[in-house]
Amino acid sequence: MKLTTTAQVSVDGVMQGPGGPEEDERGRFERGGWAHFDNEASTVMDEIYQRAEAFLFGRRTYEVFASSWGTWDDPGDSPIWTALNAKPKYVASTTLTDPRWANTTVLRGDLTAAVRELKAKPGGELQVHGSGTLFRWLLDNDLVDEMTLFTFPVVVGQGTRLFPDTGRDVALDLAGSQGTLSGVTIHVYRPTGRPR
7 MKLTTTAQVS
17 VDGVMQGPGG
27 PEEDERGRFE
37 RGGWAHFDNE
47 ASTVMDEIYQ
57 RAEAFLFGRR
67 TYEVFASSWG
77 TWDDPGDSPI
87 WTALNAKPKY
97 VASTTLTDPR
107 WANTTVLRGD
117 LTAAVRELKA
127 KPGGELQVHG
137 SGTLFRWLLD
147 NDLVDEMTLF
157 TFPVVVGQGT
167 RLFPDTGRDV
177 ALDLAGSQGT
187 LSGVTIHVYR
197 PTGRPR
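In the numbering used here, the protein residues as written are 7 to 202.
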């Protein structure tokens, strides 16, 4: 499987709490709910989820998704709901002991080996959505094959950013790019190692 990551970020790089005010209030973050999908961006996101063979989450994102997508009734027409509830889910966590969302496996121990084993399985994409800490760890360990960034036309001004102030440098090839009428830009990158 190809390991792909998808993140929603503001122009100033914030990824915390895009979906709603109560989604992630860590650090007294009060500006959640800044990501507003238009029809074009929603269509692209639906297409991404339709390519999923399985999902890999960090614990915090898993819990947010499980308490929302995992509890909602089937709307009958949502590719995101269908994929999340039908496909296998893996969670990188040392603290999660009793996952209640069906078809979930907790990965413990050697995470690098576990992710490589998942990637070696046949199929489409092993997708990571959100999961900032896991996203950065996967990128630092050369496990990301492709990353998609939805950049929303807003400056949030505070909150956890996708990339910290310091970190490893990584070169990226632009594999695709598009903009929507409301100003959301969608970029697909492939990591190519260290910059030269």
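The C-beta atom is built at its ideal place from N, Cα and C for all residues, glycine as well.
Need the endpoints of the beta strand (DSSP E) that R196 sits in, please. As a working note, residue 196 is residue 190 in the sequence shown. Its beta strand (DSSP E) spans residues 191-197.
Mapping DSSP to helix, strand and coil, what is M21? Start at 1 with the first residue of the sequence shown, and residue 21 comes out as number 15. Coil, per DSSP.
Would you call H135 buried or exposed, if buried means 16 or more other Cβ atoms sit within 10 Å of its Cβ? Within the sequence shown, the letter at position 129 stands for residue 135. With 16 or more other Cβ atoms within 10 Å, it is buried.
Within the same chain, show all residues whose beta-carbon is closer than 8 Å to that of D146, passing over the 5 residues directly before and after it, in chain order. In the sequence shown, the residue the question calls residue 146 occupies position 140. Cβ neighbours of D146 beyond the five flanking positions: G173, R174.
Does the stretch 181-190 touch the stretch 65-84, meaning 3 or more C-beta pairs lie closer than 8 Å? no
Helix, strand or coil for T12, going by three-state DSSP, please let me know. By 1-based counting over the sequence shown, the position of residue 12 is 6. Three-state DSSP puts T12 in a strand.
Pull the bridge partners of S74 from the DSSP assignment, please. Counted from its first residue, the sequence shown places residue 74 at position 68. Its beta-bridge partners do not exist; DSSP assigns none.
Would E152 pass as a contact of T10 if the rule is Cβ separation under 8 Å? Position 146 of the sequence shown, counting from 1, holds the residue named residue 152. Position 4 of the sequence shown, counting from 1, holds the residue named residue 10. Cβ atoms of E152 and T10: closer than 8 Å.
Are the Cβ atoms of R200 and A177 separated by less than 8 Å? On the sequence shown, residue 200 is found 194 positions in, with the first residue counted as 1. On the sequence shown, residue 177 is found 171 positions in, with the first residue counted as 1. Yes; because the gap between Cβ atoms is below 8 Å, this pair is in contact.
Suppose the cutoff is 6 Å on Cβ atoms and the five residues either side in sequence are ignored; what does the same chain contact list for T157 look like? Locating residue 157 in the sequence shown gives position 151, where the first residue counts as 1. These residues qualify, in order along the chain: V15, T191.
With a threshold of 6 Å on Cβ separation, who are the neighbours of G19 within its own chain once the five nearest residues in sequence on each side are excluded? To locate residue 19, count along the sequence shown from 1; it is residue 13. Only R167, L168 meet the Cβ criterion.
Threshold first: 3 residues or longer. Then list the beta strand (DSSP E) segments lying entirely within the stretch 90-156, N to C. 95-98, 110-113, 131-135
Less than 8 Å between the C-beta atoms of P105 and A60, yes or no? Here residue 105 corresponds to residue number 99 of the sequence shown, with the count starting at 1. Here residue 60 corresponds to residue number 54 of the sequence shown, with the count starting at 1. Contact flag unset, no.
Alpha-carbon to alpha-carbon, M21 and D148: Residue mapping note: residue 148 aligns to position 142 of the sequence shown, counting from 1. Residue mapping note: residue 21 aligns to position 15 of the sequence shown, counting from 1. Cα to Cα, the separation comes out at about 21 Å.
Look up S84 in the DSSP assignment and say whether it is helix, strand or coil. Within the sequence shown, numbered from 1, the residue matching residue 84 stands at position 78. If DSSP states are grouped into helix, strand and coil, S84 belongs with coil.
CB contact flag (S137, T67, <8 Å): Mapped onto the sequence shown, residue 137 falls at position 131. Mapped onto the sequence shown, residue 67 falls at position 61. Yes; because the gap between Cβ atoms is below 8 Å, this pair is in contact.
According to the neighbour-count rule (16 or more other Cβ atoms, all chains shown, within 10 Å of its Cβ), is T186 buried or exposed? Numbered from 1 along the sequence shown, position 180 holds the residue referred to as residue 186. The residue in question, T186, is buried, as its Cβ has 16 or more Cβ neighbours within 10 Å.
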